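Written below as C-alpha coordinates is the structure these notes are about.
Numbering (my numbering), first residue to last: 25 to 135.
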(Lines of atoms letter the chains of each structure in order from A and count residues from 1; the text may use other names and numbers.)
(Lines give C-alpha, C1' and ligand atoms only; values in the text may rest on other atoms or scores of the structure.)
Protein backbone atom coordinates (compact mmCIF):
# COMPACT_ATOMS: atom_id res chain seq x y z
CA UNK A 1 0.00 0.00 0.00
CA UNK A 2 1.27 3.47 -0.88
CA UNK A 3 1.74 6.09 1.81
CA UNK A 4 0.54 9.67 1.69
CA UNK A 5 3.57 11.86 1.02
CA UNK A 6 2.69 15.56 1.37
CA UNK A 7 5.87 16.67 -0.39
CA UNK A 8 5.23 14.42 -3.41
CA UNK A 9 1.59 15.54 -3.54
CA UNK A 10 2.70 19.17 -3.46
CA UNK A 11 5.19 18.56 -6.26
CA UNK A 12 2.45 16.95 -8.38
CA UNK A 13 0.14 19.90 -7.73
CA UNK A 14 2.82 22.45 -8.64
CA UNK A 15 3.85 20.59 -11.80
CA UNK A 16 0.28 20.20 -13.03
CA UNK A 17 -0.66 23.80 -12.15
CA UNK A 18 2.35 25.11 -14.07
CA UNK A 19 1.69 22.77 -17.01
CA UNK A 20 -1.82 24.22 -17.22
CA UNK A 21 -0.48 27.77 -17.06
CA UNK A 22 -2.31 28.65 -13.84
CA UNK A 23 -0.62 31.15 -11.52
CA UNK A 24 -0.46 30.33 -7.83
CA UNK A 25 -2.70 33.33 -7.05
CA UNK A 26 -5.32 32.26 -9.60
CA UNK A 27 -5.08 28.67 -8.36
CA UNK A 28 -5.73 29.79 -4.77
CA UNK A 29 -8.68 31.96 -5.77
CA UNK A 30 -10.26 29.22 -7.86
CA UNK A 31 -10.12 26.64 -5.06
CA UNK A 32 -11.24 29.18 -2.45
CA UNK A 33 -8.05 29.27 -0.41
CA UNK A 34 -5.39 31.91 0.31
CA UNK A 35 -2.15 31.84 -1.73
CA UNK A 36 0.04 31.17 1.35
CA UNK A 37 -1.90 28.01 2.17
CA UNK A 38 -1.58 26.82 -1.43
CA UNK A 39 2.16 27.54 -1.37
CA UNK A 40 2.44 25.52 1.86
CA UNK A 41 0.61 22.60 0.22
CA UNK A 42 2.92 22.75 -2.82
CA UNK A 43 5.98 22.68 -0.54
CA UNK A 44 4.58 19.73 1.40
CA UNK A 45 4.33 21.79 4.58
CA UNK A 46 0.54 21.54 4.90
CA UNK A 47 -2.06 18.88 4.38
CA UNK A 48 -5.53 19.55 3.01
CA UNK A 49 -9.14 18.72 3.72
CA UNK A 50 -11.09 16.38 1.49
CA UNK A 51 -13.04 19.39 0.18
CA UNK A 52 -9.82 21.17 -0.79
CA UNK A 53 -8.43 18.01 -2.37
CA UNK A 54 -11.58 17.57 -4.47
CA UNK A 55 -11.45 21.23 -5.56
CA UNK A 56 -7.83 20.78 -6.60
CA UNK A 57 -8.62 17.55 -8.46
CA UNK A 58 -11.45 19.24 -10.32
CA UNK A 59 -9.40 22.29 -11.29
CA UNK A 60 -6.33 20.29 -12.33
CA UNK A 61 -8.38 17.53 -14.02
CA UNK A 62 -6.84 14.79 -11.88
CA UNK A 63 -8.36 11.85 -10.06
CA UNK A 64 -7.77 11.70 -6.29
CA UNK A 65 -5.51 8.67 -6.86
CA UNK A 66 -3.41 10.59 -9.38
CA UNK A 67 -3.12 13.51 -6.99
CA UNK A 68 -2.42 11.61 -3.78
CA UNK A 69 -0.51 8.56 -4.97
CA UNK A 70 0.67 9.35 -8.46
CA UNK A 71 0.11 6.88 -11.25
CA UNK A 72 1.80 5.72 -14.41
CA UNK A 73 -0.02 8.30 -16.50
CA UNK A 74 1.08 11.03 -14.07
CA UNK A 75 4.75 10.18 -14.43
CA UNK A 76 4.93 10.56 -18.19
CA UNK A 77 5.19 14.05 -19.62
CA UNK A 78 2.02 15.75 -20.78
CA UNK A 79 1.64 15.79 -24.51
CA UNK A 80 0.84 18.94 -26.43
CA UNK A 81 -2.77 17.92 -27.09
CA UNK A 82 -3.49 17.59 -23.37
CA UNK A 83 -1.94 21.00 -22.74
CA UNK A 84 -3.98 22.60 -25.53
CA UNK A 85 -7.19 21.06 -24.20
CA UNK A 86 -6.37 22.16 -20.66
CA UNK A 87 -5.71 25.72 -21.87
CA UNK A 88 -8.99 25.77 -23.81
CA UNK A 89 -10.87 24.55 -20.74
CA UNK A 90 -9.79 27.78 -19.02
CA UNK A 91 -11.36 29.95 -21.76
CA UNK A 92 -14.80 31.35 -22.37
CA UNK A 93 -16.83 29.94 -25.26
CA UNK A 94 -15.98 32.97 -27.41
CA UNK A 95 -12.27 32.60 -26.64
CA UNK A 96 -12.43 28.91 -27.60
CA UNK A 97 -14.14 29.73 -30.91
CA UNK A 98 -11.59 32.45 -31.66
CA UNK A 99 -8.75 30.13 -30.70
CA UNK A 100 -10.10 27.40 -32.96
CA UNK A 101 -10.34 29.84 -35.88
CA UNK A 102 -6.74 30.93 -35.31
CA UNK A 103 -5.56 27.34 -35.03
CA UNK A 104 -7.21 26.45 -38.35
CA UNK A 105 -5.50 29.42 -40.04
CA UNK A 106 -2.15 28.55 -38.49
CA UNK A 107 -2.35 24.88 -39.52
CA UNK A 108 -3.33 25.83 -43.07
CA UNK A 109 -0.32 28.15 -43.24
CA UNK A 110 2.23 25.59 -42.06
CA UNK A 111 1.01 22.60 -44.09
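Glycine included, each C-beta is placed from N, C-alpha and C at the ideal position. The model shown is predicted, which means the values in this text are computed figures rather than measured ones.
Under the three-state reduction of DSSP, which class applies to residue i: helix, strand or coil?
| i | result |
| --- | --- |
| residue 70 | coil |
| residue 87 | coil |
| residue 81 | helix |
| residue 37 | helix |
| residue 56 | coil |
| residue 115 | coil |
| residue 27 | coil |
| residue 123 | helix |
Between the options, which lies nearest to residue i when the distance is taken from Cα to Cα?
| i | options | result |
| --- | --- | --- |
| residue 110 | 42, 33, 73, 28 | 42 |
| residue 33 | 119, 114, 63 | 63 |
| residue 78 | 51, 55, 117 | 55 |
| residue 107 | 124, 39, 44, 125 | 44 |
| residue 73 | 87, 127, 57 | 57 |
| residue 67 | 75, 53, 48 | 48 |
| residue 86 | 40, 135, 126, 133 | 40 |
| residue 105 | 127, 134, 95, 122 | 127 |
Beta-carbon within less than 7 angstroms of residue i's beta-carbon, same chain only, minus the 5 sequence neighbours each way: which residues are those?
| i | result |
| --- | --- |
| residue 71 | 30 |
| residue 120 | 112 |
| residue 28 | 92 |
| residue 95 | 89 |
| residue 116 | none |
Once the 5 residues before and after residue i are set aside, which same chain residues still bring their CB inside 6 angstroms of it?
| i | result |
| --- | --- |
| residue 60 | none |
Assign residue i to buried or exposed, taking buried as 16 or more other Cβ atoms, counted over all protein chains shown, within 10 Å of its Cβ.
| i | result |
| --- | --- |
| residue 80 | buried |
| residue 51 | buried |
Identify, in the order they occur along the chain, each residue of the same chain with its Cβ nearer than 8 angstroms to the Cβ of residue i, setting aside the five sequence neighbours on each side.
| i | result |
| --- | --- |
| residue 91 | 33, 36, 37, 77, 80, 81, 84 |
| residue 114 | 44, 45, 46 |
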